[in-house]
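Trainee: For the sequence shown, full-length UniProt numbering gives the first residue as 1, with consecutive numbering after it. Glycine is no exception: its CB is placed at the ideal position from the N, C-alpha and C atoms. One structure, as structure tokens, below. Some questions next.
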Amino acid sequence: MSQMKQFDNIPSTPGKFKMEKSSPYIHRLRWHSSLVKLTFWSFVFLGMILMFLYKSPPSTSSSSSTPDPSRRSLWTPSWGGPAWEKRVRSSARVRSRNGLCVLVTGAAGFVGTHVSAALKRRGDGVLGIDNFNDYYDVSLKRARQALLERTGVFIVEGDINDQALISKLFEVVAFTHVMHLAAQAGVRYAMQNPSSYVHSNIAGFVSLLEVCKSANPQPAIVWASSSSVYGLNTKVPFSEKDRTDQPASLYAATKKAGEEIAHTYNHIYGLSLTGLRFFTVYGPWGRPDMAYFFFTRDMLKGKPIPIFEGPNHGTVARDFTYIDDIVKGCLGALDTAEKSTGSGGKKKGPAQLRVFNLGNTSPVPVSELVSILERLLKVKAKRTVLKMPRNGDVQFTHANISYAQSEFGYKPTTDLQTGLKKFVRWYLSYYSGGKKSAQ
Ligand SMILES: NC(=O)c1ccc[n+]([C@@H]2O[C@H](COP(=O)([O-])OP(=O)(O)OC[C@H]3O[C@@H](n4cnc5c(N)ncnc54)[C@H](O)[C@@H]3O)[C@@H](O)[C@H]2O)c1
């Protein structure tokens, strides 16, 4: 009988005990099992807290004064920690005498990659930041990142709206300059995704300037505006003195807003600001959403390409500017940028505020661009002539560059034929053998 009782106490299911309710042994066991449960759940809870802390960026003194409104940092890739800071410092280390220490935003972009590489080559310290958005083929941005990594440039993955991250970067490195190239580019995409323009070109710019104005010392800022600010009714060649209050697209309007915002931060906080109005930049590692790039892709695939014409069969032409000339302009603007005058968010005196055209000064009809590509690719294009849609593009661009010429000796030297030859060579080798396909 007693043996039976012992067997009765052996659970039929592991973990379950058959016991008499009133036994003191039962109380002890219940108490014991509650303690085990409590300990177990405490560990789970502690684990969750640790995971949360690990995923969140470290809070900084500057970030607490400039909270990140979007709280993106909770779900963007993590940053921070000694190893990360070491990479940031090493990338930004200046290696030449009197070299600059530059934060390049949009560093995985077309212009950002070329400017970062050029700065690094001459011994400046360079740190990149980019959010690797999927506006166009992300693998191309990743390939540019790999290219820069080989030259010692680290691109931090993050959004310029993340003030906690940008503040942290300024805490780790005393940047002397910011080359701000991160933006939502492209004119037509604004009809599909207007808020991306507001996010990157307006909110993002303000967010960056907020951190710069509070940085100690304040950096000098050079940023990309666009020839599109000239809008619909400007006579060519476009001069910086022309009115720019009739933007033809949301993209242009956000770039124009950037110029006004720059004026405000210069006026109130003494930030040194230089805007560069780029004119249709092209070249190796270019942007797949631009005509010269997708014409090349579609011509090689035997697909028809649209060629727009203005009213009364008017020619559509662009002042195509080769990337190396744009890079020289960016470096010239950085080298002649004066120091910001404020500190700790307070203006101490008047600061430099400039806007320059960076173009090529020789517009080429788009039909001529196609003819050059035909010769270089040895392919006959299937041209479809269409009326230019009213989606924000202008018919003609032509830069007057005399101001940039006088201030920092800007002088473009690459004609379209020469520049496209270099682009086509790159394109064929990058997409060779069908290893990668142009999207
Ligand atoms: N390429 C041209 O012909 C041209 C002409 C006029 C003006 N611009 C201006 O020059 C600059 C560079 O242009 P690009 O041709 O190299 O364009 P791009 O799209 O190749 O580069 C921009 C980069 O910024 C990044 N980015 C966008 N929003 C961001 C954000 N919120 N936070 C962090 N990164 C962000 C993108 O991922 C991209 O890599 C842009 O400001 C553009 O408007 C270019």
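1) Would you call M299 buried or exposed, if buried means 16 or more other Cβ atoms sit within 10 Å of its Cβ?
2) Just to confirm the assignment, what range does the beta strand (DSSP E) spanning R354 have?
3) Quick one, are the C-beta atoms of A333 and F308 less than 8 Å apart?
4) Kindly list the residues whose CB is nearer than 8 Å to the CB of I261, restricted to its own chain and excluding five residues on each side of it in sequence; keep chain order.
5) Note down the Cα distance separating P58 from F294, rounded to an integer number of angstroms.
6) Is T274 near V222, with beta carbons less than 8 Å apart?
7) Can you tell me whether L181 sits near ligand 1, meaning its C-beta is under 7 Å from at least one heavy atom of the ligand?
8) Keeping to the same chain, check which residues put their C-beta closer than 6 Å to that of Y322; ignore five residues upstream and five downstream.
9) What does the Cβ neighbour count give for Q218, buried or exposed, with the cut at 16 atoms within 10 Å?
10) Roughly how many angstroms lie between the CA atoms of F175 and D245, to the nearest whole one?
11) Could you give the distance in angstroms between the alpha-carbon of L377 and the alpha-carbon of W285?
12) Compare the Cα-Cα distances from K436 to each of L148, K411, T384, S139 and report the closest residue.
13) Is K21 helix, strand or coil when you go by DSSP?
14) Taking 8 Å as the cut-off, decide whether the C-beta atoms of L148 and G128 are in contact.
15) Look at T105 and I155 and say whether their C-beta atoms are less than 8 Å apart.
16) Any idea if L100 is buried or exposed, counting beta-carbon neighbours within 10 angstroms, 16 or more meaning buried?
17) Apart from the five residues on each side of it in sequence, which residues of its chain come closer than 6 Å, Cβ to Cβ, to S343?
18) For the segment 123-160, list the alpha helix (DSSP H) runs that are entirely contained and at least 4 residues long, ordered along the chain.
19) In this structure, does DSSP put S225 in helix, strand or coil?
20) From the DSSP output, in three-state form, read off Y427 for me.
21) List the whole-angstrom C-beta distance separating T341 from P412, where the pair is believed to meet the contact cut-off of C-beta under 8 Å.
22) I need the boundaries of the alpha helix (DSSP H) containing H114, first residue and last residue.
23) How should D130 be labelled, buried or exposed, when 16 other C-beta atoms within 10 angstroms of its C-beta is the threshold for buried?
24) I need the straight-line Cα distance from residue 445 to G152, nearest angstrom please.
25) What are the residues that DSSP puts in a beta bridge with R383?
26) Express the C-alpha separation of A107 and R89 in angstroms, rounding to a whole number.
27) Cβ of G109 versus every heavy atom of ligand 1: is any distance shorter than 7 Å?
28) Could you check which residue in I372, P363, F423, K387 has the C-alpha nearest to that of F396?
Mentor: So, to answer that:
1) buried
2) 353-358
3) It is not a contact, given that the beta carbons lie outside the stated cut-off.
4) I202, F205, V206, L209
5) Because P58 carries a pLDDT of 38, less than 50, the predicted location of this residue cannot be relied on, and the following value inherits that uncertainty. Their backbone Cα atoms lie some 43 Å apart in a straight line.
6) yes
7) yes
8) G283, T414, G419
9) buried
10) 33 Å
11) Those two C-alpha atoms are separated by around 17 Å.
12) S139
13) Only weak support is given to the placement of K21: the predicted model assigns it a pLDDT of 40, under 50, and the value that follows is read from those uncertain coordinates. Note: K21 maps to coil in three-state DSSP.
14) yes
15) no
16) buried
17) N216
18) 138-150
19) strand
20) helix
21) Not quite, the Cβ-Cβ distance comes to about 32 Å (not below 8 Å), so this is no contact.
22) 110-121
23) Buried, by the Cβ-count rule.
24) Outside the shown range of the chain, which is 1 to 439, sits residue 445, and nothing can be said about it.
25) I305
26) 17 Å
27) yes
28) P363
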